[in-house]
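Q: Sharing a structure here in structure tokens format.
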Amino acid sequence: MKIIAQIWTVMVMNIRSLPQRLWMSLAAVLAVAVVIFVLLAFLAMANGFNQTLSGTGSEDIAIVTRDGSQSELNSVISRDGVNIISTAEGIAKDKNGNPIYSAELYVVVDGIKRTTGTEVNIPLRGISSSGVSLRDQVTIIEGRMFESGKNELMIGSSALREFSGFELGREVTFGKTKWKVVGVFSTGGSVFESEVWADARTVQTQFRRGSSFQTMRMRLANTGDITALEKLIEADPRLNFNVETEAKYYAEQGNALSGIVIFGWAVSIVMGAGALAGALNTMFTSVSARTTEIATLRAIGFSNTSAFMGTLFESVVLSLIGGIAGTTLAFAALDGLSASTLSAGFTQVVFTFELSPDLFATGIKLALAIGFIGGFFPAWRAARMPVVKAFG
Amino acid sequence: MSETLFDLKNVRKYFTRGAEEIHVFDGLNLEIEKGDFVAIMGPSGSGKTTLLNMLGGVDQPTDGEISFSGDRIDNLSEGALANWRATNIGFIFQFYNLMPMLSAARNVELPLLLTNLSAKQRKENVATALELVDLADRTTHKPREMSGGQQQRVAIARAIVSDPKMLLCDEPTGDLDRETADEILSMLQLLNRDFGKTIVMVTHDPLAAKYAKRILHLDKGNFISEEVD
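Chain order of the listed sequences is A and B. What the first sequence shows, in our numbering, is residues 1020 to 1411, in sequence order. What the second sequence shows, in our numbering, is residues 438 to 666, in sequence order.
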């Protein structure tokens, strides 16, 4: 009890004396706040990107691509291939007994990013009405569905927000062909919202793809069970394809951004080292400014533990203030912020920065770590302060 | 029958400065009896403050024995010395050494945080100590809101609040004008005379020393003369 009273007294004195070291303390707080802000910016970006992609994949849907292709863009599936795979067991059937699948094209068209005015790659998906039904939560929020055989487009709401030139009713030129934007759709924030959709056969014709497709999606009879499809592909040498559930496919695509998390941590650690140096400097100055106070308390009989804890507490409090400022700023400035980046398919994926409670906790933990390490050595010095210093 | 409070036997204290070894004390002997008021005078570098530090348990001799009420203190650990100081010693410093962020009452309460007294008991003891130094109306004032003399009186209240046997004063009037210095010294005299506090005071000021019962003159680590009131 006595030691707690001692520690509390020293803590209160240290905190109350902070205004005497206002600018230096503020600099330490600011340094920690910037580190936490930058870290959370990277993590929120990765988090948002992952959530967009993980929100896209379904365990009920299988996706077939050419074996060895890293993404839909460099995959090719012939009409024959589509026909053979559609006969596989394990694909759900509609009420007429026909397999539920969608053979799709995935090509790149030019768009202009609103924020930078630069030209970027936007994915144009050739899709059929059954393909639309294979996506959950598709709703047309403006205009109408494109008509088969016509040069008509629907644009995802995220893509419309990020890229200019695709407003409803506008004509868009791809190469020598003109297309009309007839609808805006939403898919509940999934990656498909970053796309432009048109009739698959029209895309085949206008982009000279003959009868080939790039991917094939199918509804599974049993959730997550692609065994029958795998067996079929393995047994037939003509089928040089890869099959996986849509959930797995997009999870792998999401991993492409895992590098940004590592980069974010690396930048934060380097900056954190700077903040740590600031914290150390602030706290050594604090201990130095309070030499007589610390030594006097020790002369009176206060333990060196109280001197240690009091100094450590001051450092942790400063860093905590910085951490809270950094996370609050990150929430205010970044949470929900829309952005787009190049996906593994070399096209733009639109996503929003997502700051979860976990990220908030990560930011606070890093701030506390900086405060603890930055305070430890000055606190050690305070605890070892010769008591004779009280006598000047 | 008088009781010896401090007993220093053959105390040696050496410092090293670079390659040089400085002998501050080379076999110092001293006895201080309970209820005594000793002034230690001497030129700078004579060892006054080093002696005070050793008496207060904030510094230890290189060799020799220091006993307090018959118990050796020169071989105690740092933690044990801190406890010993909390129980037995009240310090009064030249520049008061008050905590600038704390009120007079909170400053005075500091030594009581090392006891098992309840908050209510601590408050009562603080009020008594501040009343004794005639500062009952300044309890909430911060040090910067008080004069030098008032600050030193707060420091005296802090030194006596836990009722230690011994007061160690390092130039207690060195930062005060003559009139205020006389007030402080009269207060120390009262604490010695009426409350039985044993006092050791280091001072350069011969007028301040006259308030003591015994004046010891220190030079180059040796007592060269003694005046008894």
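Glycine residues also receive a C-beta, built at the ideal position from the N, C-alpha and C atoms.
Can you pull the chain B neighbours of serine 1209/A, defined as C-beta to C-beta under 9 Å?
A: Locating residue 1209/A in the first sequence gives position 190, counting from the first residue. Within chain B, no residue comes near serine 1209/A; the closest Cβ sits about 57 Å away, beyond 9 Å.
Q: In angstroms, rounded to a whole number, what distance separates the CA positions of arginine 559/B and valine 545/B?
A: Along the second sequence, one-based indexing puts residue 559/B at 122. Along the second sequence, one-based indexing puts residue 545/B at 108. If you take the alpha carbons of arginine 559/B and valine 545/B, they lie about 10 Å apart.
Q: State yes or no: is the beta carbon of methionine 1032/A nearer than 8 Å to at least one beta carbon in chain B?
A: Working through the first sequence from its first residue, we reach residue 1032/A at position 13. For methionine 1032/A, the answer is yes, since a Cβ of chain B falls inside 8 Å of its Cβ.
Q: Pop quiz: phenylalanine 489/B and leucine 605/B are said to be a contact at Cβ under 8 Å. What is the actual Cβ separation, rounded to whole angstroms?
A: The residue given as residue 489/B occupies position 52 in the second sequence. The residue given as residue 605/B occupies position 168 in the second sequence. This sequence places leucine at residue 489/B; phenylalanine is not what is there. Going by Cβ atoms, the distance from leucine 489/B to leucine 605/B rounds to 6 Å, so yes, they are a contact pair.
Q: Less than 8 Å between the beta carbons of leucine 569/B and glutamine 589/B, yes or no?
A: Locating residue 569/B in the second sequence gives position 132, where the first residue counts as 1. Locating residue 589/B in the second sequence gives position 152, where the first residue counts as 1. No, Cβ-Cβ distance for leucine 569/B and glutamine 589/B is not below 8 Å.
Q: Where does aspartate 1099/A fall in DSSP's three states?
A: In the first sequence, the residue the question calls residue 1099/A occupies position 80. Residue state, collapsed to three classes: helix.
Q: Name, please, each residue of chain A whose Cβ falls closer than 9 Å to the Cβ of glutamine 531/B.
A: Counting from one through the second sequence, the residue named residue 531/B turns up at place 94. Here the neighbours are Phe1410, Gly1411.
Q: Just to confirm before moving on: does the CB-CB distance between phenylalanine 1327/A and alanine 1409/A stay below 8 Å?
A: By 1-based counting over the first sequence, the position of residue 1327/A is 308. By 1-based counting over the first sequence, the position of residue 1409/A is 390. Against a cut-off of 8 Å, the Cβ pair of alanine 1409/A and phenylalanine 1327/A comes out as no contact.
Q: What residues of chain A sit near aspartate 511/B, judged by a beta carbon separation below 7 Å?
A: Counted from its first residue, the second sequence places residue 511/B at position 74. Residues of chain A passing the Cβ test: none, with the nearest at roughly 15 Å.
Q: By the DSSP assignment, the alpha helix (DSSP H) with glycine 1382/A in it spans what residues?
A: Counting from one through the first sequence, the residue named residue 1382/A turns up at place 363. Taken as a continuous stretch (DSSP letters only), the alpha helix (DSSP H) holding glycine 1382/A covers 1376–1402.
Q: Is it the case that the Cβ atoms of serine 540/B and threonine 576/B are separated by a distance below 8 Å?
A: Reading the second sequence from its first residue, position 103 is the one you call residue 540/B. Reading the second sequence from its first residue, position 139 is the one you call residue 576/B. Closer than 8 Å, so yes.
Q: Is valine 1289/A helix, strand or coil when you go by DSSP?
A: Numbered from 1 along the first sequence, position 270 holds the residue referred to as residue 1289/A. Reduced to three states, the DSSP call for valine 1289/A is helix.
Q: For the candidate residues Thr1347/A, Leu1248/A, Ile1082/A, Phe1211/A, whose alpha-carbon lies nearest to that of aspartate 1419/A?
A: Nothing in the structure corresponds to residue 1419/A, since chain A is present only between 1020 and 1411.
Q: Drop a sphere of 10 angstroms on the beta-carbon of asparagine 1241/A, count the other beta-carbons inside from all chains shown, and report buried for 16 or more, exposed for fewer.
A: Here the question's residue 1241/A lines up with position 222 in the first sequence. Counting Cβ neighbours within 10 Å, asparagine 1241/A comes out exposed, since fewer than 16 surround it.
Q: Considering only their Cβ atoms, is the gap separating valine 1157/A from threonine 1221/A smaller than 8 Å?
A: Indexing the first sequence from 1 puts residue 1221/A at position 202. Indexing the first sequence from 1 puts residue 1157/A at position 138. Contact flag unset, no.
Q: Can you give me, in chain order, the residues of the region 484–498 of chain B that have a beta carbon less than 8 Å from any beta carbon in chain A?
A: If the cut-off is 8 Å between Cβ atoms, the region 484–498 of chain B has Thr486, Leu489, Asn490, Gly493, Val495, Asp496 near chain A.
Q: How about phenylalanine 528/B: is its C-beta nearer than 8 Å to some C-beta of chain A?
A: Taking the first residue of the second sequence as 1, we reach residue 528/B at position 91. True, the Cβ-Cβ gap to chain A drops below 8 Å.
Q: Are the CB atoms of methionine 1302/A and threonine 1330/A within a distance shorter than 8 Å?
A: The sequence position of residue 1330/A within the first sequence is 311, counting from 1. The sequence position of residue 1302/A within the first sequence is 283, counting from 1. Cβ distance < 8 Å, so threonine 1330/A and methionine 1302/A count as in contact.
Q: Note the first and the last residue of the continuous alpha helix (DSSP H) segment covering alanine 517/B.
A: On the second sequence, residue 517/B is found 80 positions in, with the first residue counted as 1. Taken as a continuous stretch (DSSP letters only), the alpha helix (DSSP H) holding alanine 517/B covers 515–525.
Q: Could you tell me the alpha carbon to alpha carbon distance between valine 1203/A and aspartate 1255/A, rounded to whole angstroms?
A: The residue given as residue 1203/A occupies position 184 in the first sequence. The residue given as residue 1255/A occupies position 236 in the first sequence. Looking at the two C-alpha atoms, the distance is approximately 41 Å.
Q: Around the Cβ of valine 1289/A, are there at least 16 other Cβ atoms within 10 angstroms (buried) or fewer (exposed)?
A: Counted from its first residue, the first sequence places residue 1289/A at position 270. Exposed, since its Cβ has fewer than 16 Cβ neighbours within 10 Å.
Q: For proline 548/B and chain A, any beta-carbon pair shorter than 8 Å?
A: Here residue 548/B refers to the residue found at position 111 when the second sequence is read from its first residue. Yes, proline 548/B lies at the interface with chain A (some Cβ there is under 8 Å from its Cβ).
Q: Where are the alpha helix (DSSP H) runs, 4 residues long or more, that stay fully inside the region 550–596 of chain B, in chain order?
A: If we require 4 residues or more, the alpha helix (DSSP H) runs fully inside the region 550–596 of chain B come out as 556–569.
Q: Touch check for the region 1120–1138 of chain A and the region 1176–1187 of chain A: three-plus C-beta pairs under 8 Å?
A: The region 1120–1138 of chain A, when compared against the region 1176–1187 of chain A, does touch it at the 8 Å Cβ threshold.
Q: Entirely within the region 1165–1202 of chain A and at least 4 residues each: give me those alpha helix (DSSP H) ranges in chain order.
A: List check, alpha helix (DSSP H) in window: 1176–1181.
Q: Along chain B, which residues have their Cβ under 7 Å away from the Cβ of alanine 1024/A?
A: Here residue 1024/A corresponds to residue number 5 of the first sequence, with the count starting at 1. Leu550, listed in chain order.
Q: Verify whether the separation of the beta carbon atoms of leucine 622/B and threonine 635/B is less than 8 Å.
A: The count along the second sequence starts at 1 and reaches residue 622/B at position 185. The count along the second sequence starts at 1 and reaches residue 635/B at position 198. No.
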